[in-house]
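Structure first, commentary second.
Pasting the structure below:
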């Protein structure tokens with residue numbers, strides 16, 4: 376365990392084992408505990424700390440409060456051909472999400488394209504995980520979740536929209552191109568980080584209390600008016616993603632979730648496409664390589680790297696596996712306390 | 376015909392008849408000429424002038440140059456279950472798009488969800504038209520097109536990405552909620568308009584030649600560096616939409632289209648979902664009404680209206696039908712000259 380400033384570096388295996396033991400102590404079966412620990416540890420190793428190690432204590436607290444039902448698994452409630460509705464039964468979000476992704480791939484294998492709409496599930500942590508999971512098996516993935524209200528409609532001052540992350544993943548050379556993007560320009564977690572480091576946001580992220588667009592994270596944390604990506608465009612996209620998740624699954628919408636005492640019982644959509652079934656499948660690899668090659672020949676701004684979404688993940692992971700996953704001491708202490716049964 | 380400044384107002388019927396006669400003179404069959412004239416006239420009546428009347432002269436010039444083949448219709452080249460590949464055979468983009476939307480609905484009726492990937496087609500003008508078309512028949516629509524390169528990758532100065540408009544439409548009360556959004560914050564057409572009126576853009580739209588983000592449309596027209604929606608987020612989304620359109624259809628990607636002498640032979644995706652087939656279908660209407668009601672109770676910024684995507688369309692259309700569709704005299708003169716056989 377290396378230490379610099381108030382960050383420590385936890386070896387991947389130690390982090391995984393710690394998660395595993397805590398989950399086992401919270402009545403997960405071994406298989407489900409392993410899968411869940413692995414998702415949290417990989418999200419952390421791949422640099423998505425906000426939806427890995429940093430979020431683990433809240434995951435456990437939601438289990439203790441009964442929002443997340445450890446032993447529940449999704450059940451099929453309806454369907455027609457290539458689209459099915461499932462009830463997540465408030466099971467752990469990451470396990471439900473893997474289940475839904477696998478079911479979507481099953482439908483896609485049968486019908487070319489498949490869609491699972493999942494109601495009554497829990498926070499999936501990092502949506503990109505299911506994009507990688509699905510794309511590595513050779514399927515295109517398009518999926519999204521709704522959230523509680525945390526972003527105003529365009530022209531409004533109060534939050535009625537979720538930031539509703541959208542994930543698109545495409546198989547590429549035994550790996551994947553994976554976009555995982557919330558509809559807000561910055562998450563509240565990111566705003567907190569910039570604010571605590573006293574850094575200006577790289578691009579405008581919301582409004583101050585006077586209604587001016589600002590790059591000052593602290594002012595946005597006060598006004599609670601974050602900016603959607605593309606202003607009116609991302610606000611519209613967020614609304615439609617919520618509507619689709621709600622009506623396709625028959626589950627709760629952002630405004631209904633927001634009435635609850637904590638963010639749970641979400642609605643999600645998982646679409647998979649089995650590109651191996653396309654008659655021109657062999658040509659896809661070459662076509663994709665040409666697109667990425669052309670993209671990489673972009674003329675960069677001074678000092679900039681031109682990367683496709685997900686391209687940097689492997690590098691981050693290798694670094695974190697080699698030298699440990701950076702975690703704030705405070706967060707790790709909290710997790711160790713959970714492991715000790717507190 | 377009323378006149379104010381250099382804009383005139385053309386009655387809907389006069390505009391439709393003018394388009395119709397020009398299309399008939401360019402060897403469209405009567406049925407196809409009527410459908411195509413209607414799409415251009417409705418796009419104009421609904422306020423999307425850039426992809427209606429203002430674009431009509433270029434549509435005719437592409438026919439004359441042979442990029443658009445008037446008599447060609449799409450042909451099915453492959454498929455598996457609920458996903459099919461079609462070749463647009465360079466037929467007129469709007470007619471190919473209606474055909475693909477109808478085929479997607481056909482697949483959705485059979486399989487719940489259906490996907491048509493269309494290669495080798497032409498500019499569909501206003502993507503939202505096919506969203507309305509599909510949603511009014513009771514289907515969810517998710518569709519997008521690629522374009523030639525007109526936007527830089529994030530961190531780059533030269534354009535390698537298209538602005539690849541994405542359309543999502545949802546049936547609502549015999550009407551629809553329709554989002555139609557390009558991946559750039561502003562189109563070049565919009566930048567031209569702000570520049571010609573000497574108006575500042577409402578939000579940043581691109582870079583000046585020195586690499587600073589600016590709201591000055593004129594400077595962006597010089598640098599050719601438009602901003603993606605949400606900065607790195609919209610750039611990523613644009614790349615993935617191009618890849619999906621290309622690999623699912625087996626057609627050309629943005630970088631291949633950009634090598635051609637004019638923007639044609641595009642790739643598009645049309646996904647339809649038959650929500651009437653869902654077992655909880657009757658509950659969808661109520662659920663949707665609750666979401667929209669909650670959305671409309673947003674607390675507006677002073678002077679702002681809170682509208683969902685597409686909500687303003689009916690009003691614009693009623694106004695334009697009542698008092699004529701505003702067109703610049705220059706554009707209308709050009710169209711009248713085409714009608715006179717020039």
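Residue numbers (this note's numbering), protein chains in the order written: chain U, 376 to 717; chain E, 376 to 717.
Think of the CB as a built atom: it goes at the ideal place given N, C-alpha and C, for glycine as much as any other residue.
All values derive from a computational prediction rather than experimental measurement.
**Request:** Report yes if the C-beta distance between residue 452 (chain E) and residue 506 (chain E) is below 7 Å; otherwise report no.
**Result:** no
**Prompt:** Could you check where the beta strand (DSSP E) with residue 499 (chain U) kicks off and where it finishes?
**Reply:** Careful: residue 499 (chain U) lies outside any beta strand (DSSP E) and carries neither H nor E.
**Message:** Check whether chain A comes within 7 Å of residue 546 (chain U), counting only Cβ atoms and requiring the distance to be less than that.
**Reply:** Absent from the structure: chain A. Protein chains present are U and E.
**Item:** Secondary structure of residue 390 (chain E), DSSP reduced to three states
**Value:** helix
**Request:** Starting from residue 554 (chain E), follow the beta strand (DSSP E) in both directions and report where the run begins and ends.
**Result:** 550-556
**Prompt:** What does residue 590 (chain U) reach in chain E if we use C-beta pairs closer than 8 Å?
**Reply:** Those do not exist, as residue 590 (chain U) stays about 11 Å from chain E at its closest Cβ, beyond 8 Å.
**Request:** Could you pull out every residue in the same chain whose Cβ sits closer than 6 Å to the Cβ of residue 415 (chain E), ignoring the five residues on either side in sequence?
**Result:** 394, 427, 431
**Message:** Along the stretch 487-501 of chain U, where does the CB come closer than 7 Å to a CB of chain E? Name the residues.
**Reply:** 487, 488, 490
**Prompt:** For residue 589 (chain U), which residues of its own chain have a beta-carbon under 6 Å away from its beta-carbon, when the five flanking residues on both sides are left out?
**Reply:** 583
**Prompt:** Of the residues E:637, E:640, E:621, E:602, which one's Cα is nearest the Cα of residue 545 (chain U)?
**Reply:** E:621
**Prompt:** Cα separation between residue 672 (chain U) and residue 614 (chain E)?
**Reply:** 14 Å
**Beta carbon of residue 645 (chain U) nearer than 7 Å to that of residue 543 (chain U)** = no
**Message:** At a CB distance below 7 Å, what residues from the stretch 677-706 of chain E approach chain U? Give them in sequence order.
**Reply:** 679, 680, 681, 683, 684
**Request:** Give me the Cβ distance between residue 521 (chain E) and residue 537 (chain E), rounded to the nearest whole Å; I'm assuming they're in contact under 8 Å.
**Result:** 5 Å
**Message:** Assuming contact is defined by CB atoms lying nearer than 7 Å, are residue 666 (chain U) and residue 457 (chain E) in contact in what I supplied?
**Reply:** no
**Asked** If the cut is a Cβ gap below 7 Å, which residues of chain U does residue 528 (chain E) touch?
**Response** 670, 673, 681
**Prompt:** Would DSSP call residue 462 (chain E) helix, strand or coil?
**Reply:** strand
**Request:** Give every residue of the same chain whose Cβ lies closer than 6 Å to the Cβ of residue 376 (chain E), excluding the five residues on either side of it in the sequence, and list them in chain order.
**Result:** Note that residue 376 (chain E) has pLDDT 43, beneath the 50 cutoff, so the model's placement of it is unreliable and the number below is only indicative. Taken in chain order, the residues that qualify are 383.
**Request:** Report all residues from its chain with a CB closer than 7 Å to the CB of residue 483 (chain E); omit the five preceding and five following residues, and keep chain order.
**Result:** 489, 514, 647, 648, 649
**Message:** Given a cut-off of 7 Å on the beta-carbon distance, is the pair residue 444 (chain U) and residue 470 (chain U) in contact?
**Reply:** no
**Message:** Quick check on this structure: which residue in U:467, U:504, U:429 has the alpha carbon closest to the alpha carbon of residue 439 (chain U)?
**Reply:** U:467
**Prompt:** Assuming residue 508 (chain U) and residue 476 (chain U) make a contact with CB atoms under 8 Å, what is their CB distance in whole Å?
**Reply:** 6 Å
**Item:** Identified DSSP bridge partners for residue 519 (chain E)
**Value:** E:541, E:644
**Request:** Could you spell out the range, first to last residue, of the alpha helix (DSSP H) harbouring residue 706 (chain U)?
**Result:** 704-714
**Message:** Less than 7 Å between the beta carbons of residue 580 (chain E) and residue 602 (chain E), yes or no?
**Reply:** yes
**Asked** So, are the CB atoms of residue 626 (chain U) and residue 495 (chain U) less than 7 Å apart?
**Response** yes
**Asked** Taking the alpha carbon of residue 540 (chain U) as the point to measure from, which residue in U:419, U:561, U:390 has its own alpha carbon closest?
**Response** U:561
**Message:** Can you tell me whether residue 531 (chain E) is buried or exposed? The criterion is at least 16 other CB atoms within 10 Å of its CB, across all chains shown.
**Reply:** buried
**Request:** Classify residue 635 (chain E) as helix, strand or coil using the three-state DSSP reduction.
**Result:** coil
**Request:** From the DSSP output, read off the bridge partner residues of residue 536 (chain E).
**Result:** E:526
**Item:** Best match in U:635, U:533, U:559, U:640 for proximity to residue 599 (chain U) [C-alpha to C-alpha]
**Value:** U:533
**Prompt:** Along chain U, which residues have their Cβ under 9 Å away from the Cβ of residue 434 (chain E)?
**Reply:** Those do not exist, as residue 434 (chain E) stays about 26 Å from chain U at its closest Cβ, beyond 9 Å.
**Item:** Amino acids of chain U, ordered along the chain, whose beta-carbon sits closer than 7 Å to that of residue 608 (chain E)
**Value:** 556, 604
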